[in-house]
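Per the working numbering, residue -7 is the first one in the sequence shown, and the count goes up by one each step.
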Amino acid sequence: MSARQVKRQLRRVGLGLGAAVLVLWSLAPIYWSFLTSITPPSGLVSEGLRLWPEAPSGEHFAKLFGATSLSQGNEVQSVWPQFSAAFANSLIISLLATVLTVILAAFGAWAFVRLPFPGKNVLFIAVVATLAIPAYTVMIPLYRLMIAAGLIDTYAGVTLIYVSAFLPLALWLMRSVYQAMPLSLEEAAWLDGASKLRAFVQVVLPLAGPGLVACGILTFLSAWGQFMVPLVFSPTLATKPLTVLIPEFVTRNYVDYGLMNAAGMVAIVPPMILVLFLNRFLVQGLMAGAGK
């Protein structure tokens, strides 16, 4: 075996080991959370590390979905009413933020690419530059603004905050997608008598589908995993999402690790389904602006 072949084999082995470490690093916390969710309360306080519980139990999931349980001799009521309300809140707010962000990014990025107006490059840079502003620096003035507008603990208020946070990245992505499209496609539609808006809707948007889907996936995942914003702006179950409700399973005298992890396993189902079914569109959308 030549030196070149040895180097090639070592490179393949190194890449394989790196990929294995990356997969283990990503999946190990999820497996540990699942393991905790099916371990009975008595097993959670036992000594020794176990890769699988001796007697797997669905007690935590049963409690999550409506059953009562016993803790230290006291009956503990199900958290299903709170959990279902928070799950619905997460879904509604994430979908609203995703739809609004994608629509605004689709039209806004096209305007930045195709419509001539003074200062558009400076304006675009200013919008994208807001990504570098830490959220904590605007939390207090934003809170005062939301109080004055009466938008605290409302779907509209939380959704507007999400859209303002996620729109710059979506604009950046969609701008790259539109720049990669030849102008001749729109010019052909204009020659056929179509207006700029009609050409955009009937010609450009269908071709930009992967980019729009990528924007939607990134926005939904970001909105679904938000914690700090709903912690401040969603104080009650009227709009409180799962990310804020699950940590509240910690009480003064008892931490229900099994219930918290069971709720976490249920909470990852929607984003996991979204990524599994739309993963190819995400890759296509992110690569759409890589070349012309």
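Even glycine gets a Cβ: it sits at the ideal position worked out from N, Cα and C.
Residue i versus the options, residue with shortest Cα-Cα distance
i	options	result
proline 45	Glu51, Gly35, Ile125 and Lys(-1)	Gly35
valine 155	Leu123, Pro73 and Leu9	Leu123
lysine 188	Trp102, Arg42 and Arg136	Trp102
phenylalanine 75	Leu92, Phe57 and Thr90	Phe57
tyrosine 246	Val37, Leu2 and Leu9	Val37
serine 49	Val193, Leu175, Leu43 and Pro33	Pro33
alanine 47	Ala54, Thr31, Lys55 and Phe53	Thr31
leucine 115	Ile132, Arg0 and Trp164	Trp164
CB of residue i within 9 Å of CB of residue j, strictly
i	j	result
serine 29	methionine 257	yes
methionine 252	isoleucine 238	yes
arginine 190	phenylalanine 104	no
alanine 215	alanine 162	no
isoleucine 85	valine 150	yes
leucine 83	phenylalanine 158	no
glycine 208	valine 119	no
valine 71	alanine 255	yes
asparagine 113	threonine 231	no
leucine 175	arginine 272	no
tyrosine 135	isoleucine 144	yes
isoleucine 153	methionine 173	no
Nearest-angstrom beta carbon gap, residue j and residue i [assumed within contact, 8 Å]
i	j	result
valine 205	leucine 177	The Cβ separation is near 20 Å, so there is no contact.
tyrosine 147	leucine 229	That belief does not hold up - the Cβ atoms of tyrosine 147 and leucine 229 are roughly 13 Å apart, past 8 Å.
proline 263	leucine 213	5 Å
proline 233	alanine 78	6 Å
valine 169	alanine 200	5 Å
Close beta carbons around residue i, own chain, < 7 Å, minus the five adjacent residues each side
i	result
valine 236	Phe219, Pro222, Leu223 and Ser226
threonine 90	Gly208, Thr211, Phe212 and Ala215
phenylalanine 26	Met257
Contacting residues, own chain, Cβ-Cβ under 6 Å from residue i (five flanking each side not counted)
i	result
phenylalanine 241	Asp248, Leu251 and Met252
alanine 181	Ala191 and Val195
glycine 217	none
glycine 100	Leu163
Close Cβ partners of residue i (< 8 Å) along its chain, the five nearest in sequence each way excluded
i	result
alanine 141	Gly149
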